[in-house]
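What follows is a short report on a single structure.
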Amino acid sequence: MSDTFTTTTHQSWFSRIGNSFAGVLIGLALIVGMIALLFWNEGRAVQTEKTLAEGAGAVVLVENAPVDPANEGKLIHVTGPVVTGQVLTDDAFGIQAEGIRLVRNVEMFQWVEEESSKKQTTLGGGEETVTTYAYTKEWKEGRVDSSEFKQPDNHQNPQAALDSQIFQIDDGKLGDFALTESVLDDVGGAKDYPIKSADLGAVTAANPLGAPVSLIDGVIVAGEQPAAPSVGDLKIAYQLIPLGDISVIAQQSGDSFAPYQTKAGDTLQLVDSGVVAAPAMFKAAGDENNVITWIIRGIGLLLLITGFALVTGPLSVIASVIPFLGSIVGFGTGIIAWIMGLAVGTLTIATAWLFYRPLLSLIIVAVGIALVFGIIQLGKARTKGKAAPAAAA
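In the working numbering, the protein residues as written are 78 to 470.
Next comes the structure, spelled out in structure tokens:
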């Protein structure tokens, strides 16, 4: 039998109208905010493109040893293996590994609340909302605050006895170059680091949890019955970024690195795992910039549509005195919100392009005009072609 809790609430027509007019203010704020966000996003994208283009034209390929003072202040591209005398250690379980970064991910078996609602408009414009709260036990990182549950009784989560943590070297070398914290932070390529059965004895001896620990598929499980976990049991898994080759594009600063200040206004520092050529690193950064740009565009457009939906919301609430009429008006205002959101969003983006990319915008407009003109001329030619045989007949 599922563990659920259901509530039913009623809201009067007058209360709904009041809330809908309050929603108008939120909607207007959303519209203004999203217009600003979309405009800013286009500027951010252009500035990043200019920064990457400037960097691609200025970067100098250098050897990782010895450090050449002649390149001081220049944007350099360096590759090679990371070397360190440090060993990454998690004292909680005596885990040791050679690498750049060791990540301890801790999940707790705990209660999770899922909420679902079903609304129905009643005659007279009121609204009935039936909300169901379902409670399940899941492995999740961090602690879900059970005090915020609708029904906290019998669904209480304890404080986790251990938290996730990151262990990273602070003394690494790339040839004769000292690696800064910001460079090390940007190194990716984490891989699962399963704990070996041979290490179980050391893990058990160091165990700080006060509960028995076992090893399942390279993961430490703390609890009385690992196969049937109880609320509060922990699962500890590790990921490791191993020592290996990395590629860095940054400013040479003494025998180390610093972000490179571009004329475009941004700073530039790129780090990749493995030996990666500079053009490939700049291309990857450009692709990432495009993805971020489209994500922000999508979010901005959706929130613009939401804003217009809130602004037009009172119309459907007023009409909902007769439920089916409210549904019809709501459908219509929903379409209007989509049309207005997309129209205002695309117009904002086009205006931003005209501001940030005037030459490209003019070229696009010229191509568009040429296409329209060509279609019109083609239509006229076809019309004349059909008219000529008719006149001859």
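Each residue gets a CB set at the ideal place from its N, CA and C atoms; glycine is no exception.
Just so you know, these numbers come straight off a predicted model, no measurement behind them.
Less than 8 angstroms between the CB atoms is what I'm expecting for residue i and residue j, so what's the real figure, rounded?
i: Lys151; j: Met185; result: Between Met185 and Lys151 the Cβ distance is about 49 angstroms, and since that is not below 8 angstroms, they are no contact.
i: Ser350; j: Gly203; result: Not confirmed; about 59 angstroms, so no contact.
i: Leu311; j: Ala357; result: Not confirmed; about 41 angstroms, so no contact.
i: Ile313; j: Val183; result: 5 angstroms
i: Leu251; j: Val155; result: 6 angstroms
i: Ala335; j: Leu347; result: About 13 angstroms separates the two Cβ atoms, so there is no contact after all.
i: Leu138; j: Arg374; result: Their Cβ separation, rounded to whole angstroms, is 35 angstroms, which puts Leu138 and Arg374 out of contact at 8 angstroms.
With 16 other CB atoms within 10 Å as the buried threshold, where does residue i fall?
i: Val325; result: buried
i: Leu102; result: exposed
i: Gly300; result: buried
i: Lys327; result: Here residue 327 turns out to be Ala, not Lys, going by the sequence shown. Buried, since its Cβ has 16 or more Cβ neighbours within 10 Å.
i: Ile453; result: exposed
i: Phe531; result: Since the displayed the chain opens at 78 and closes at 470, residue 531 lies outside it and no answer follows.
i: Met78; result: Any answer about Met78 is weak, because its pLDDT of 48 lies below 50 and its placement is not dependable; what the coordinates show is given next. Met78 should be labelled exposed.
i: Gln329; result: buried
i: Gln233; result: exposed
i: Trp371; result: exposed
i: Ala414; result: buried
i: Ser97; result: buried
i: Ile440; result: exposed
i: Ala355; result: buried
i: Ile297; result: buried
What is the DSSP secondary structure of residue i, reduced to helix, strand or coil?
i: Ser274; result: helix
i: Asp322; result: strand
i: Pro435; result: helix
i: Pro158; result: strand
i: Ser97; result: helix
i: Phe226; result: coil
i: Lys151; result: coil
i: Phe58; result: Outside the displayed span of the chain (78 to 470) sits residue 58, for which this structure offers no information.
i: Tyr212; result: strand
i: Asn118; result: helix
i: Met78; result: Confidence at Met78 is low in this model, with a pLDDT of 48, below 50, so the placement of that residue is unreliable and no value is reported for it.
i: Ile373; result: helix
i: Asp167; result: strand
i: Ala355; result: helix
i: Asp332; result: coil
i: Ala174; result: strand
i: Glu131; result: helix
i: Leu380; result: helix
i: Ala341; result: coil
i: Asn367; result: helix
i: Gln124; result: helix
i: Gln70; result: Nothing can be reported for residue 70: it is not among the residues displayed for the chain, which extend from 78 to 470.
i: Ser350; result: strand
i: His87; result: strand
i: Val398; result: coil
i: Val139; result: coil
Residues in the same chain with beta-carbon distance under 7 angstroms from residue i, minus the five sequence neighbours each way, listed in chain order, please.
i: Gly100; result: Leu387 and Gly390
i: Phe359; result: Leu129, Gly132 and Ala133
i: Gln163; result: Ile246 and Asp248
i: Glu119; result: Ile426, Ala429, Trp430 and Tyr433
i: Gln338; result: Thr344
i: Ser274; result: Leu292
Closer than 6 angstroms by C-beta to residue i: which residues in its own chain qualify, once you throw out the five before and the five after it? Chain order, please.
i: Ala267; result: Gln316 and Ile318
i: Leu165; result: Ala174, Gly176, Leu179 and Phe244
i: Asn284; result: Val290
i: Thr83; result: Thr209
i: Gln197; result: Glu205
i: Leu402; result: Ala396
i: Ile112; result: Thr425
i: Glu215; result: Val189
i: Val394; result: Arg93, Ile94 and Ser97
Here's a check: name, in chain order, each residue in its chain whose Cβ is nearer than 8 angstroms to the Cβ of residue i, leaving out the five neighbours to either side.
i: Ser333; result: Phe254, Ala255, Leu256 and Thr257
i: Leu107; result: Leu380, Leu381, Thr383, Gly384 and Leu387
Let me check you understand the geometry: is the CB of residue i closer than 7 angstroms to at least one non-hydrogen atom of the ligand SAM?
i: Ala362; result: In the structure on display, the ligand SAM does not appear, and there are no ligands present to speak of.
Any C-beta of chain D sitting closer than 8 angstroms to the C-beta of residue i?
i: Pro285; result: You won't find chain D in this structure, because it holds only one protein chain.
Can you check the segment 229-309 for any beta strand (DSSP E) of at least 3 residues that lies completely inside it and give the ranges in chain order?
Every beta strand (DSSP E) stretch that sits fully inside the segment 229-309 and reaches 3 residues is listed by chain position as 242-245, 290-293 and 296-299.
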